[in-house]
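Undergrad: Chains as they are written, first to last, in my numbering: chain F, 311 to 585; chain G, 139 to 358.
One structure coming up, written as structure tokens, with questions to follow.
Here you go:
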């Protein structure tokens, strides 16, 4: 029987085979070959694509290069969303590899955040972690940590070091003995069909009567259209890390085992594939 | 123990409604915008400012270590068109758009804003950091990435700048506790905005404080 801890490793080491192609209108001095890379599901595009950038910049002139940005089938990709979330939400029903187009011009100011440096990614990541702990522990656990612990979380993610990361992150997954879970569950639910980028609300992992709330309970409460059956057949898939957890799964368990490194459950609601 | 620095979402919405009511009375242009699904919304105001004109100076500068009420310190930016002798160059005019949203994670309001020149060119994070008034610069420089950064607007999904809420609580608590002792009916949004607004160039006319307090007292 698989240990629950194995799930943590499977989540951390998830990869998506990706093919990066330079946008056809970019000016190059010679032909740009596509670049293939296995992207970590739990990381961020601008954190893991230095090699991609270098590869394409080799065939371009310095003056034709400004801030890099990525796009999939016309949709600019938000670097501040975890890679696995972007894939599940936008491309999971398409064949692999994931085909991403690389741009160096015409940064879409209205759609994408700028990523001026690695500091920006670290700031964003730490900001998400702090928000998650505000929900789980009223920020008590994360505020009690030293600066070097915060650094270790970031370095663990940046350098793909599971043990280094979890040595600190395990403290964020604890809760008082007298409780049955966190104060509130950090989650965000994404659907491409809404203007609103995501749904995030206060939701407790344990009901008043002590019963553990399930994924199904969460969806019924905050996103009922996602699970309302139409003629008995479900319209949508509910996906986390490329899988569809059973709706009966306790939310507290999902939060402890299927959260991204930022400690949020990023949940995609996507239409059932038609094949 | 009273948790002064936190408010629930319903209280937030009620305070915003009162705030907007006064805004309408004085011709300040705050309005409420509901989200598409109408489950929530935010307060919004658009404001034009000439770049490089110093933000309003505050007597007594910093927000901590003062015994006077925050509402006494915040006062209206003098009307630009009365003060300027010649018309400013179009390139120097900046359009600011301020949004006040509720954060259920931190249970406080959060100030989002974006800024662009009249030709639509947005200001960069660096521009924003450089534009922060001198009296807040020290605090900003201690941790710029913890204070003002670019983030996705939670309702519109577009890039905005945001003043981080966790820093807000640091200076909100003592000021709120003090102001509530004197003025029990103070509007939370008024107090909060009069403290955080000036950091990013937003100032409140004094009448907001007078409008919501029914318990006037002279403070020397």
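Just so it is clear, CB atoms sit at the ideal spot from N, CA and C, and this is done for glycine as well.
All of these numbers come straight from a predicted model, not from anything done at the bench.
Let me make sure I understand the geometry here. Which of 426/F, 456/F, 560/F and 459/F has the alpha-carbon closest to that of residue 525/F?
TA: The residue labelled residue 525/F in the question sits at position 215 within the first chain. Of 426/F, 456/F, 560/F and 459/F, the residue nearest in Cα terms is 560/F.
Undergrad: Would you identify the three-state DSSP class for residue 338/F, choosing helix, strand or coil?
TA: On the first chain, position 28 is the one that residue 338/F refers to. If DSSP states are grouped into helix, strand and coil, residue 338/F belongs with coil.
Undergrad: Just how far apart, CA to CA, sit residue 217/G and residue 344/G?
TA: The residue given as residue 217/G occupies position 79 in the second chain. The residue given as residue 344/G occupies position 206 in the second chain. Low confidence applies to residue 217/G: its pLDDT is 46, below 50, so where it sits in the model is not reliable, and the reading given next is rough at best. Using only the alpha carbons, I get a separation of about 14 Å.
Undergrad: List the endpoints of the continuous alpha helix (DSSP H) containing residue 456/F.
TA: Numbered from its first residue, the first chain carries residue 456/F at position 146. Unbroken run through residue 456/F: none, as it is neither H nor E.
Undergrad: Could you tell me which chain F residues have their CB closer than 7 Å to the CB of residue 283/G, listed as they occur along the chain?
TA: Along the second chain, one-based indexing puts residue 283/G at 145. Correct list: 429 and 433.
Undergrad: If you run the structure through DSSP and keep just helix, strand and coil, what is residue 582/F?
TA: As a first step, residue 582/F is located in the first chain; it is residue number 272 there, counting from the start. Three-state DSSP puts residue 582/F in coil, outside helix and strand.
Undergrad: For chain G, is any of its Cβ atoms less than 9 Å away from the one on residue 576/F?
TA: One-based indexing of the first chain puts residue 576/F at position 266. Cβ-Cβ to chain G under 9 Å: no for residue 576/F.
Undergrad: Within the continuous beta strand (DSSP E) that includes residue 237/G, where are the two ends?
TA: Locating residue 237/G in the second chain gives position 99, where the first residue counts as 1. Note, residue 237/G: beta strand (DSSP E), 231-241.
Undergrad: Could you say if the region 143-162 of chain G and the region 323-331 of chain G meet the contact criterion of at least three C-beta pairs nearer than 8 Å?
TA: Yes, the region 143-162 of chain G touches the region 323-331 of chain G.
Undergrad: Taking Cβ positions only, does residue 360/G come closer than 9 Å to chain F?
TA: A query on residue 360/G cannot be resolved here, the shown segment of chain G reaching from 139 to 358 and no further.
Undergrad: In whole angstroms, what is the alpha-carbon distance linking residue 517/F and residue 504/F?
TA: Along the first chain, read from residue 1 onward, the residue named residue 517/F stands at position 207. Along the first chain, read from residue 1 onward, the residue named residue 504/F stands at position 194. Each residue's Cα considered, the two are about 29 Å apart.
Undergrad: Span of the alpha helix (DSSP H) holding residue 514/F?
TA: Taking the first residue of the first chain as position 1, residue 514/F is located at position 204. It is not in any alpha helix (DSSP H) - residue 514/F carries neither H nor E in the DSSP assignment.
Undergrad: Would a check of beta-carbon distances place residue 295/G closer than 9 Å to chain F?
TA: The sequence position of residue 295/G within the second chain is 157, counting from 1. Yes, because at least one Cβ of chain F sits closer than 9 Å to the Cβ of residue 295/G.
Undergrad: Report the CB separation of residue 464/F from residue 432/F in whole angstroms; it is logged as a contact under 8 Å.
TA: Translated into positions along the first chain, residue 464/F becomes position 154. Translated into positions along the first chain, residue 432/F becomes position 122. Rounded, the Cβ-Cβ distance is 5 Å, consistent with contact.
Undergrad: For a quick check, are the C-beta atoms of residue 183/G and residue 268/G less than 9 Å apart?
TA: The sequence position of residue 183/G within the second chain is 45, counting from 1. The sequence position of residue 268/G within the second chain is 130, counting from 1. No, the pair does not count as a contact, with Cβ atoms beyond the cut-off.
Undergrad: Is there contact here, the region 407-417 of chain F with the region 329-341 of chain F, by at least three beta-carbon pairs under 8 Å?
TA: The region 407-417 of chain F, when compared against the region 329-341 of chain F, does touch it at the 8 Å Cβ threshold.
Undergrad: Going by DSSP, name the residue or residues bridged to residue 524/F.
TA: Counting from 1 along the first chain, the entry for residue 524/F is found at position 214. 560/F.
Undergrad: Quickly, what does DSSP pair residue 547/F with across the bridge? List them, please.
TA: Counted from its first residue, the first chain places residue 547/F at position 237. 580/F, per the DSSP bridge assignment.
Undergrad: Less than 9 Å between CB atoms is the rule here; does residue 159/G satisfy it with respect to chain F?
TA: Indexing the second chain from 1 puts residue 159/G at position 21. By this cut-off, residue 159/G is not an interface position.
Undergrad: Mind listing the chain F neighbours of residue 290/G? Cutoff is C-beta to C-beta under 8 Å, in chain order.
TA: Here residue 290/G refers to the residue found at position 152 when the second chain is read from its first residue. The answer, in chain order, is 388, 390, 423 and 507.
Undergrad: So what does residue 181/G bridge to, in DSSP terms?
TA: Reading the second chain from its first residue, position 43 is the one you call residue 181/G. DSSP, once it has assigned bridges, lists 170/G and 238/G as partnering residue 181/G.
Undergrad: Closer than 7 Å, Cβ to Cβ, to anything on chain F: give me those residues from the region 228-248 of chain G, in chain order.
TA: The residues in question are 242, 243 and 244.
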